[in-house]
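In my numbering, the protein residues as written are 20 to 149.
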């Protein structure tokens, strides 16, 4: 019985150590995913969307030629819950070679929002223990 009383704290501390070690995010930087666009948007460069692991960070669309297109949660509205409207407009203006109708741009922005939500979910999964 005396041996069990000694082993219980050791087992519990070992278990706690494993849980804490296993909860450390495996990714140190932002979570990024590249997305393939449907054929009707082939005139646009394939977007890579990144979201930081920290909760308060803004997601962005990668711009390999210069500054990224950042969302701004401070400007979020009901119609633009992540504040990505301006970033999406900048991406479309810079990375789509042909002029889009307002309806096409609306469809593309909807796709970008879906992709951003997917990356946000992955970033949350990586940082859930942090």
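Quick reminder that beta carbons are idealized off the backbone N, C-alpha and C, glycines included. Every value quoted in this text rests on a predicted model; they were computed, and no experiment measured them.
Quiz item: Among the residues of its own chain, which have a CB less than 7 Å from the CB of residue 64, if the five just before and after it don't count?
Solution: Counting only residues of its own chain and dropping the five nearest sequence neighbours on each side, residue 64 has a CB closer than 7 Å to the CB of 114.
Quiz item: Taking all protein chains shown into account, do 16 or more other C-beta atoms lie within 10 angstroms of the C-beta of residue 140, making it buried, or fewer, making it exposed?
Solution: Label assigned to residue 140: exposed.
Exercise. Kindly give me the distance between the Cβ atoms of residue 89 and residue 77, rounded to whole angstroms, as I take these residues to be in contact under 8 Å.
Key: In this structure residue 89 touches residue 77 by the C-beta definition: roughly 5 Å separates them, less than 8 Å.
Quiz item: If you check the beta carbons only, do residue 130 and residue 111 fall under 8 Å apart?
Solution: For residue 130 and residue 111, no; Cβs fall outside 8 Å.
Quiz item: For residue 116, which residues from the same chain have a beta carbon less than 6 Å from its beta carbon, with the 5 sequence-adjacent residues on both sides left out?
Solution: Beyond the five residues adjoining it in sequence on each side, residue 116 comes within less than 6 Å, by CB distance, of 62 in the same chain, given in chain order.
Quiz item: Who pairs with residue 68 in a beta bridge, going by DSSP?
Solution: According to DSSP, which records beta bridges pairwise, residue 68 is partnered with 52 and 80.
Quiz item: Under a Cβ-count criterion, where at least 16 other Cβ atoms within 10 Å of its own Cβ denotes burial, should residue 107 be classed as buried or exposed?
Solution: By the 10 Å Cβ count, residue 107 comes out buried.
Quiz prompt | Contact check, residue 92 vs residue 102, beta carbons under 8 Å | solution = Yes, Cβ-Cβ distance for residue 92 and residue 102 is below 8 Å.
Quiz item: From residue 69 to residue 136, what does the alpha carbon distance come to, in whole angstroms?
Solution: In this structure, the alpha-carbon of residue 69 lies about 10 Å from that of residue 136.
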